[in-house]
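Novice:
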Amino acid sequence: MSSFSPDELNARRLAGLEPGPRKRPAPGTGDGSLIDDPAVRAPLVLNNRSFKEVTDIICGYTENKPPQWWLPVFALVASVAGLGGLFINYLVITGIGTWGLNNQVNWAWDITNFVFWIGIGHAGTLISAILCLLKQKWRTAVNRAAEAMTIFAVICAATFPGIHIGRQWMAWFMFPIPNANNIWPNFRSPLLWDVFAVGTYGIVSLLFWYMGMIPDLATLRDRADQRLRLGAGGPVLLPFIPIRVDRIRAFVYGMLSVGWRFSSRHWHRYEAAYLILAGISTPLVLSVHSIVSFDFATSVVPGWHTTIFPPYFVAGAIFGGFAMVLMLLIPARELYPNMKDFITLRHIENMAKIILATGMIVGFAYSMEFFIAWYSGNQYELYAFKNRATGPYWWAYWTMISCNVISPQVFWFKFCRRSPLVVFIVSFFVTIGMWFERFVIIVTSLHRTFLPGDWGMFHPTPVDIGIFVASCGVFLTLFLLFLRFLPVFAMAELKAVMPAASPHGHGNGHGDGHGDGHGGGGAGDGRDGHGHTSQGGH
Amino acid sequence: MSNKTEHGASKPGNNKPSNRVFVTEAGEHIHGVMAEFETPSAVYHACEMVRDAGYRKWDCHTPFPIHGMEDAMGIKRTRLPLIVAAGGFTGAGLGFLMQYWMSGVDYQIVVQGKPFAAWEPFVPITFELGILFSAFSAIIGMLAINGLPRWHHPLFKKTRFLRSSQDRFFIAIEACDGKFDPDQTRALLERAGAQSIELVEE
Numbered sequence: 001m002s003s004f005s006p007d008e009l010n011a012r013r014l015a016g017l018e019p020g021p022r023k024r025p026a027p028g029t030g031d032g033s034l035i036d037d038p039a040v041r042a043p044l045v046l047n048n049r050s051f052k053e054v055t056d057i058i059c060g061y062t063e064n065k066p067p068q069w070w071l072p073v074f075a076l077v078a079s080v081a082g083l084g085g086l087f088i089n090y091l092v093i094t095g096i097g098t099w100g101l102n103n104q105v106n107w108a109w110d111i112t113n114f115v116f117w118i119g120i121g122h123a124g125t126l127i128s129a130i131l132c133l134l135k136q137k138w139r140t141a142v143n144r145a146a147e148a149m150t151i152f153a154v155i156c157a158a159t160f161p162g163i164h165i166g167r168q169w170m171a172w173f174m175f176p177i178p179n180a181n182n183i184w185p186n187f188r189s190p191l192l193w194d195v196f197a198v199g200t201y202g203i204v205s206l207l208f209w210y211m212g213m214i215p216d217l218a219t220l221r222d223r224a225d226q227r228l229r230l231g232a233g234g235p236v237l238l239p240f241i242p243i244r245v246d247r248i249r250a251f252v253y254g255m256l257s258v259g260w261r262f263s264s265r266h267w268h269r270y271e272a273a274y275l276i277l278a279g280i281s282t283p284l285v286l287s288v289h290s291i292v293s294f295d296f297a298t299s300v301v302p303g304w305h306t307t308i309f310p311p312y313f314v315a316g317a318i319f320g321g322f323a324m325v326l327m328l329l330i331p332a333r334e335l336y337p338n339m340k341d342f343i344t345l346r347h348i349e350n351m352a353k354i355i356l357a358t359g360m361i362v363g364f365a366y367s368m369e370f371f372i373a374w375y376s377g378n379q380y381e382l383y384a385f386k387n388r389a390t391g392p393y394w395w396a397y398w399t400m401i402s403c404n405v406i407s408p409q410v411f412w413f414k415f416c417r418r419s420p421l422v423v424f425i426v427s428f429f430v431t432i433g434m435w436f437e438r439f440v441i442i443v444t445s446l447h448r449t450f451l452p453g454d455w456g457m458f459h460p461t462p463v464d465i466g467i468f469v470a471s472c473g474v475f476l477t478l479f480l481l482f483l484r485f486l487p488v489f490a491m492a493e494l495k496a497v498m499p500a501a502s503p504h505g506h507g508n509g510h511g512d513g514h515g516d517g518h519g520g521g522g523a524g525d526g527r528d529g530h531g532h533t534s535q536g537g538h
Numbered sequence: 001m002s003n004k005t006e007h008g009a010s011k012p013g014n015n016k017p018s019n020r021v022f023v024t025e026a027g028e029h030i031h032g033v034m035a036e037f038e039t040p041s042a043v044y045h046a047c048e049m050v051r052d053a054g055y056r057k058w059d060c061h062t063p064f065p066i067h068g069m070e071d072a073m074g075i076k077r078t079r080l081p082l083i084v085a086a087g088g089f090t091g092a093g094l095g096f097l098m099q100y101w102m103s104g105v106d107y108q109i110v111v112q113g114k115p116f117a118a119w120e121p122f123v124p125i126t127f128e129l130g131i132l133f134s135a136f137s138a139i140i141g142m143l144a145i146n147g148l149p150r151w152h153h154p155l156f157k158k159t160r161f162l163r164s165s166q167d168r169f170f171i172a173i174e175a176c177d178g179k180f181d182p183d184q185t186r187a188l189l190e191r192a193g194a195q196s197i198e199l200v201e202e
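Top to bottom, those sequences are chains A and B.
For the first sequence, my numbering assigns the number 1 to the initial residue and increments by one for each residue that follows.
For the second sequence, my numbering assigns the number 1 to the initial residue and increments by one for each residue that follows.
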């Protein structure tokens with residue numbers, strides 16, 4: 001061992017060639033990731049994991065038996081999702097009168113749910129695209145799950161416009177398909193822009209997610225293939241079907257990974273494609289919720305006809321989306337072994353900060369709406385907002401304000417941002433608040449329009465409630481399947497941000513007192529991977 | 001033409017793909033030589049050596065993209081952005097023309113007195129289709145330039161190579177490279193610090 005310089009020794013240890021010491025995190029840094037000194041780079045992967053360990057842990061989530069809770073929980077949420085199928089069948093057969101809609105309030109939970117779900121997706125694209133362009137390396141631990149969440153949320157969202165049209169079998173009229181009437185969709189309507197925006201968003205998110213997964217699917221393929229070649233007896237599909245599970249894995253993951261062979265020439269173009277996709281997804285994600293807000297803003301309904309809607313909707317979408325990411329990942333990191341090494345307290349703290357920032361933007365938008373309602377001198381507009389806060393739906397409005405504006409304020413305190421339990425509870429409130437925000441915008445604006453003859457109330461029916469609950473079931477079912485069968489973390493990206501990935505051999509100062517010396521060199525050099533003095537000084 | 005080729009061939013470090021065929025003792029055609037490295041810095045410096053030795057038909061296989069590898073291997077910038085730009089403008093153009101033709105030419109419908117073919121309401125869908133086509137061009141273009149999907153490759157036959165997707169780093173030099181020589185290429189990789197070197201059969 002004496003032939004290795006300490007730097008090389010570290011590189012070898014992180015590559016899994018030498019056993020590494022497991023050090024306790026320094027006091028006051030939580031799990032070791034909460035370092036307040038800006039000169040010290042916090043570790044993105046804890047416990048000095050080597051490449052081999054990272055691969056084993058992440059592939060283990062799909063290769064090992066699922067945890068005991070997985071199957072019962074899956075059965076439960078899948079049943080809830082299935083019940084939604086029954087409700088939707090009933091709705092299609094009987095008509096949308098089975099919802100609580102009426103002549104006064106003709107959009108309610110259907111469009112509320114649509115906007116709610118489509119908004120949730122935005123956090124995934126923010127993490128995968130905008131944080132990528134901003135070189136926020138911590139995103140690598142959460143981007144895969146967040147992108148998966150985006151796609152599942154878009155699936156839930158797309159269901160609602162599809163079923164809210166009275167004759168669901170004519171849903172294809174939304175697309176520019178030549179039909180017997182020889183007419184085309186009305187391209188001057190924001191509702192049609194919405195079809196294209198949500199459709200593009202869903203497809204591009206899926207492509208981005210899939211492309212990011214190609215190398216990791218290839219890793220799963222190679223591991224299955226390796227086990228088959230070594231002849232280690234693995235489990236079979238079913239006792240009476242003697243097909244090795246690894247054979248199915250090697251085939252399915254092999255097909256999906258298109259023969260990826262980790263070539264550096266391929267990586268070069270892959271990284272270019274990734275950056276381009278991030279670049280085009282950034283304006284896309286901003287456009288999608290802007291266009292969703294046009295559905296309202298281009299109308300003349302008081303409470304809808306405002307120019308603040310696009311930025312306000314986008315900020316709200318990111319706000320609600322991050323809350324959902326946290327609601328999924330905080331339990332996941334408790335339930336899956338070793339996930340805490342990748343999703344550290346710093347990740348949670350960073351996301352809590354984003355929730356606080358976007359929550360403040362949303363709070364600003366709420367107050368600006370009120371101000372403009374008064375300042376515009378438009379009596380209908382002012383009435384609409386007074387009615388929101390004090391009318392028959394006052395409880396919905398104040399639920400929204402308490403959940404969205406007041407509850408995130410606890411994140412001004414460090415100990416709240418750093419407590420997964422507090423963050424989870426606030427995220428739960430924010431999710432409720434964001435659903436109510438859309439309910440308030442849609443229903444309270446429609447239930448008191450210009451003429452008293454147009455005034456009414458909305459009362460949800462069991463079909464309304466059933467389909468909404470079922471959409472949550474669909475979302476969780478898909479997410480559980482994702483946890484079980486796909487690479488939950490972007491392994492290749494995660495390895496690339498580990499200190500050992502630096503090709504210059506001194507991207508690490510772990511625990512051997514070399515941290516300070518390299519910190520200086522790294523600062524002068526100014527390249528990535530230097531000065532990772534994460535746990536260096538202690 | 002021939003003059004130019006000769007001149008090019010005489011330059012050090014320039015070499016044409018050769019038609020020479022290398023065969024193992026068992027009679028199998030040789031695809032190339034594969035060398036394993038244990039750390040990113042080892043493979044990085046080895047790549048610099050292979051690059052400087054003038055090889056062209058070779059590649060480095062790493063579990064993740066290594067920062068600065070383009071320089072170490074002498075990879076030229078990809079032309080993918082041009083493909084994406086072409087795809088994006090095609091999508092946006094087609095999107096605009098589709099709306100203009102359907103709404104303004106083929107079947108004009110009066111809706112709220114709005115003009116039939118004003119460009120303003122066509123902006124959102126033009127933009128979205130531009131993005132959609134760019135995304136498809138990016139991923140399909142990336143795969144196409146990389147020659148994927150390709151489910152079979154001689155390297156996959158090597159069980160050792162499968163670790164390139166997990167924690168090991170490989171350099172593979174192909175026999176069709178003009179400079180390839182079973183002994184010299186192996187010697188170069190040994191000097192570069194390879195942990196193990198294997199012949200790869202077709």
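Positions of the beta carbon are idealized from the N, C-alpha and C atoms, including for glycine.
Suppose contacts are defined by Cβ-Cβ distances below 7 Å. Is A:D464 in contact with A:W99 by that definition?
Specialist: Cβ distance < 7 Å, so A:D464 and A:W99 count as in contact.
Novice: Rounded to a whole number of angstroms, what is the C-alpha to C-alpha distance between A:I442 and A:V195?
Specialist: The straight-line gap from Cα to Cα measures roughly 19 Å.
Novice: Would you kindly report the start and end of the unbroken alpha helix (DSSP H) that includes A:I355?
Specialist: Run containing A:I355: L345 to Y375, per the alpha helix (DSSP H) assignment.
Novice: In its own chain, which residues sit with a C-beta less than 6 Å from the C-beta of B:A42, not counting the 5 before and 5 after it?
Specialist: Same-chain partners within the cutoff: G193.
Novice: Considering only the alpha carbon of each residue, which of B:E28, B:L143, B:C47 and B:M102 lies closest to B:T185?
Specialist: It is B:C47.
Novice: Is A:V258 helix, strand or coil by DSSP?
Specialist: Three-state result, A:V258: coil.
Novice: Between which two residues does the alpha helix (DSSP H) containing B:I171 stretch?
Specialist: Unbroken run through B:I171 is the beta strand (DSSP E), F169 to E174; no alpha helix (DSSP H).
Novice: B:V111 to A:G119, Cα distance in whole Å?
Specialist: If I take the Cα positions, the gap works out to 30 Å.
Novice: Would you say A:R221 touches the ligand ATP, meaning its beta carbon is less than 6 Å from a heavy atom?
Specialist: Among the components modelled here there is no ligand, and therefore nothing to report on the ligand ATP.
Novice: What would DSSP say about B:F116, mapped onto helix, strand or coil?
Specialist: Of the three classes helix, strand and coil, the one that applies to B:F116 here is coil, per DSSP.
Novice: Cβ of A:N48 less than 7 Å from any chain B Cβ?
Specialist: So no, A:N48 is outside the interface.
Novice: What residue from B:N146, B:K157, B:L199 and B:E174 has the CA that sits closest to A:W260's CA?
Specialist: The option with the nearest alpha carbon to A:W260 is B:N146.
Novice: Can you find a C-beta in chain B that's less than 7 Å from the C-beta of A:F563?
Specialist: Absent from the model: residue 563 of chain A. The displayed extent of chain A is 1 to 538, so no value can be given.
Novice: Decide if the stretch 92–102 of chain B is in contact with the stretch 129–139 of chain B; the criterion is three or more beta carbon pairs, one per stretch, under 8 Å apart.
Specialist: The stretch 92–102 of chain B is in contact with the stretch 129–139 of chain B.
Novice: Nearest chain A C-beta to B:S134 closer than 7 Å, yes or no?
Specialist: Chain A contact via Cβ: present.
Novice: Are the stretch 359–376 of chain A and the stretch 287–300 of chain A touching, with three or more C-beta to C-beta distances below 8 Å?
Specialist: Taking 8 Å as the limit for Cβ pairs, the verdict is that the stretch 287–300 of chain A does not touch the stretch 359–376 of chain A.
Novice: In angstroms, rounded to a whole number, what distance separates the CA positions of A:L451 and A:I401?
Specialist: Taking the straight line from one Cα to the other gives about 28 Å.
Novice: Any beta carbon from chain A within less than 7 Å of B:V33's own beta carbon?
Specialist: So, not an interface residue.
Novice: Is A:I291 closer than 7 Å to A:A389 when the C-beta atoms are compared?
Specialist: No, Cβ-Cβ distance for A:A389 and A:I291 is not below 7 Å.
Novice: Between A:F160 and A:N113, which are expected to be in contact by the criterion C-beta below 8 Å, what is the C-beta distance as a whole number of angstroms?
Specialist: Sure, about 5 Å apart at Cβ, within 8 Å.
Novice: Where do the ends of the alpha helix (DSSP H) carrying A:A389 lie?
Specialist: Note, A:A389: alpha helix (DSSP H), Q379 to T390.
Novice: Look up B:E201 in the DSSP assignment and say whether it is helix, strand or coil.
Specialist: Here B:E201 sits in strand by DSSP.
Novice: Whose CA, out of B:G54, B:G27 and B:G87, lies closest to the CA of B:A138?
Specialist: Nearest of B:G54, B:G27 and B:G87 to B:A138, Cα basis: B:G87.
Novice: Could you give the C-beta distance for B:S103 and A:W184, rounded to a whole number, given that I count them as a contact under 8 Å?
Specialist: Rounded, the Cβ-Cβ distance is 7 Å, consistent with contact.
Novice: Buried or exposed, going by whether 16 or more other CB atoms sit within 10 Å of the CB of A:R392?
Specialist: One point to set straight first is that residue 392 of chain A is Pro, not Arg, in the sequence displayed. That one is exposed.
Novice: Considering only the alpha carbon of each residue, which of A:S293, A:S427, A:T62 and A:L34 lies closest to A:H347?
Specialist: Answer by Cα proximity: A:L34.
Novice: Quick test of your reading: B:Q166 and A:F51, contact by CB under 8 Å. State the CB separation rounded to the nearest angstrom.
Specialist: Confirmed, Cβ separation roughly 7 Å.
Novice: Taking the beta carbon of A:H122 as the centre, do at least 16 other beta carbons fall within 10 Å, making it buried, or is it exposed?
Specialist: Burial call: buried.
Novice: What are the residues in the stretch 180–196 of chain B lying within 8 Å of chain A by C-beta distance?
Specialist: The residues in question: there are none.
Novice: At the level of alpha carbons, what is the spacing between A:A145 and A:W374?
Specialist: Near 43 Å, if we compare the C-alpha coordinates of A:W374 and A:A145.
Novice: Along the chain, which unbroken stretches of the alpha helix (DSSP H) at least 4 residues long are found entirely within the stretch 301–342 of chain A?
Specialist: 309–335, all fully within the stretch 301–342 of chain A.
Novice: Buried or exposed: where does A:S201 fall if 16 or more other Cβ atoms within 10 Å of its Cβ makes it buried?
Specialist: In the sequence under discussion, the amino acid at residue 201 of chain A is Tyr, which differs from the Ser named in the question. Under this definition A:Y201 is a buried residue.
Novice: Taking DSSP as the reference, what is the three-state secondary structure of A:I406?
Specialist: DSSP places A:I406 in helix when its eight states are reduced to three.
Novice: May I ask you to report which of helix, strand or coil DSSP gives A:P242?
Specialist: Looking at A:P242 - three-state DSSP - the assignment turns out to be strand.
Novice: Which same chain residues end up closer than 6 Å to A:V497 when comparing Cβ atoms and leaving out the 5 residues on each side of it in sequence?
Specialist: If we look at A:V497 and ignore the five residues flanking it on each side, its Cβ neighbours are L44, K137 and T140.
Novice: For A:G513, is the classification buried or exposed, using 16 other Cβ atoms within 10 angstroms of its Cβ as the cut-off for buried?
Specialist: In this prediction, A:G513 has a pLDDT of 34, which is less than 50 and means its spatial position is unreliable; what the coordinates show is noted afterwards. Exposed, because fewer than 16 other Cβ atoms sit within 10 Å of the Cβ of A:G513.
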